[in-house]
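One gets our numbering by counting positions in the sequence shown from 1 and adding 10 to each.
Here the structure is laid out as structure tokens; the discussion comes afterwards.
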Amino acid sequence: MTKYREADFGRQIVISTHNEQFYKLLKVKMDEQYYPSKFIELTSTGKIKG
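As structure tokens, then:
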């Protein structure tokens, strides 16, 4: 799951995907260093990986 919040407009975008390649691409394109983004991975039981 990916959560992106646009601070200037007070909005956020939440993207959920099962496609690991798409997830990895988003992590590269939406680098936390440049965008206020947060990436969350869940286990098969729905718990947060980490």
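Backbone N, C-alpha and C fix where the C-beta goes; we use that ideal spot for every residue, glycine too.
- In this structure, DSSP gives Lys34 a helical state, which the three-state scheme calls helix.
- Bounds of the beta strand (DSSP E) holding Lys48 are 47-49.
- Note on geometry: alpha-carbon atoms of Glu42 and Leu36 lie some 11 angstroms from one another.
- Check the Cα spacing between Ser26 and each of Glu51, Met40, Lys39: the tightest is with Glu51.
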